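> Residue numbers (full-length UniProt numbering): 1 to 202.
All residues carry an ideal CB built from backbone N, CA and C; glycine is no exception.
If you're wondering where the values come from, they're calculated on a predicted model, not measured in any experiment.
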Ligand code: PRP
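1. Give the DSSP-derived three-state secondary structure of residue 105 in the structure shown.
2. Looking only at C-alpha atoms, which of 30, 108, 12 sits nearest to residue 177?
3. Quick check: what's the CA-CA separation for residue 51 versus residue 70?
4. For the ligand PRP, I want to know if residue 29 counts as a neighbour, meaning its beta carbon is within less than 7 Å of at least one of the ligand's heavy atoms.
5. Taking only heavy atoms of the ligand PRP into account, decide whether any of them is closer than 7 Å to the Cβ of residue 139.
6. State the beta-bridge partners of residue 47 as determined by DSSP.
7. On the premise that residue 147 lies in contact with residue 132, defined as a C-beta separation below 8 Å, what is that separation, rounded to the nearest angstrom?
8. Measuring CA to CA, which of 180, 164, 155, 162 is closest to residue 170?
9. Going by C-alpha to C-alpha distance, which of 80, 29, 78, 5 sits closest to residue 65?
10. Does the segment 30-40 come close enough to the segment 79-91 that 3 or more CB-CB pairs lie under 8 Å?
11. Report the option in 23, 152, 153, 142 whose CA atom is closest to the CA atom of residue 200.
12. What is the rounded straight-line gap between the Cα of residue 43 and the Cα of residue 88?
13. Is it buried or exposed, residue 144, if we count other Cβ atoms within 10 angstroms and call 16 or more buried?
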């Protein structure tokens, strides 16, 4: 048995779509059943459903052997895990956004969940900004005057558009990554290889 940590939310839906397009309905169908279940065992794979930012922690601690997580999360914080491969889903970007017709170089206060990535970006730009850390609904910040701008995930652009916000710059392009626990990758190599071969990511 191997344990795979999945990120709940958007990446989870993308993973299900990916499995369906690969014809892997023995995984896709049970995984997309409605419910508040926290894990599901399918064959010899145990899938656990975690908040995206917690997935690398489960993998690092060896609770999960593999994890599927956005590149943003493993760039924002260091985790002692193996970064196995890129996955062909979960495409989005981390972008600076605010109300239209402003000058990006004049942003002084920026709200984001990704303070490390954002700090590095503005340092490289030699732009002195104060960062405000938020856990979600980051788009509220420029609308309500908490910040001049945000750095947040943009996928379809709908959230920005519906709230009259626009993108200024892309900070990084993101896609899903497969990560592995360092010990598991060697100890459970056969089972891990079988699974990643089955889902077609090697
Ligand atoms: C993410 C992100 C944006 C939104 C962008 O939020 O933080 O708010 O998706 O997607 P779009 O470009 O397709 O509209 P999520 O729904 O994950 O929730 P959150 O705001 O709580 O982080």
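Taking the structure as given:
1. Secondary structure of residue 105 (DSSP, three-state): helix.
2. Closest in alpha carbon position to residue 177, among 30, 108, 12, is 12.
3. Rounded to the nearest whole angstrom, the C-alpha separation of residue 51 and residue 70 is 11 Å.
4. Outside the cutoff, so no.
5. The ligand PRP approaches residue 139 closely enough that one of its heavy atoms is under 7 Å from the residue's Cβ.
6. Answer by DSSP bridge pairing, in chain order: 4, 40.
7. Yes, residue 132 and residue 147 are in contact; Cβ-Cβ is about 6 Å, under 8 Å.
8. The shortest C-alpha to C-alpha distance from residue 170 to any of 180, 164, 155, 162 is the one to 155.
9. Ranking the options by Cα distance to residue 65, first place goes to 5.
10. Taking 8 Å as the limit for Cβ pairs, the verdict is that the segment 30-40 does not touch the segment 79-91.
11. When each option's Cα is compared against that of residue 200, the closest is 23.
12. Roughly 24 Å separates the two Cα atoms.
13. Exposed, by the Cβ-count rule.
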